[in-house]
Amino acid sequence: MQSRQMKSRLMLTVVVFCGLQTACVTRGRDFSSDLTWVKKGQTTQSDVTRLLGQPVAIGNTGGVPTWTYGYYDYRLFGNSDTKELKFYWNGDKVQDFSFNSSFPQDRKRLMFGK
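Residue numbering for the sequence shown follows this note's numbering, starting at 45 and increasing by one per position.
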């Protein structure tokens, strides 16, 4: 009987360990890294909301209203990846925007223009 309990505990330990190896927490909603649709002075807040939904954060940078969209994929083990898109508004139109990502496919494209 004791051997059976030991096997059960060992199996539980293996399952927990495997679960921890793949444990991750995500925040935000994933979005396309293709931003060719964003046009400074043309793209509106309605356009952005229609395509991306509500921002994860709203703020202000030096008097300029900002909306931030983010996708954060945190892992207990291994690489965690994030991407963030920030819009700077002039009234209802995009004044400027910035995109940052640690996802390998985005990094390659951003570094090498591919």
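We put the beta carbon where it would ideally sit given N, CA and C, even for glycine.
This structure is a prediction, so every number in the text was calculated from the model and none was measured.
Quick check: the Cα distance between residue i and residue j, rounded to an integer number of angstroms?
i: T88; j: R53; result: 58 Å
i: T93; j: Q49; result: 55 Å
i: R119; j: T70; result: 9 Å
i: G103; j: S47; result: 60 Å
i: L79; j: L154; result: 12 Å
i: K83; j: N123; result: 32 Å
i: F141; j: P109; result: 11 Å
i: G107; j: A101; result: 16 Å
i: K152; j: W81; result: 20 Å
i: L95; j: F121; result: 32 Å
i: F143; j: K51; result: 50 Å
I need the boundaries of the alpha helix (DSSP H) containing residue i, first residue and last residue.
i: Q89; result: 89-96
Any idea which residues DSSP pairs residue i with across the strands?
i: T105; result: V108
Contact defined as beta carbons within less than 8 Å: I believe residue i pairs with residue j. What is the distance between those atoms, to the nearest angstrom?
i: Y115; j: G72; result: 4 Å
i: K130; j: F147; result: About 17 Å separates the two Cβ atoms, so there is no contact after all.
Buried or exposed, going by whether 16 or more other CB atoms sit within 10 Å of the CB of residue i?
i: F156; result: exposed
i: T105; result: exposed
i: D74; result: exposed
Name the two residues that bound the continuous beta strand (DSSP E) containing residue i.
i: D150; result: Looking at the DSSP string, D150 is not in any beta strand (DSSP E); the run it does join, the alpha helix (DSSP H), is 148-156.
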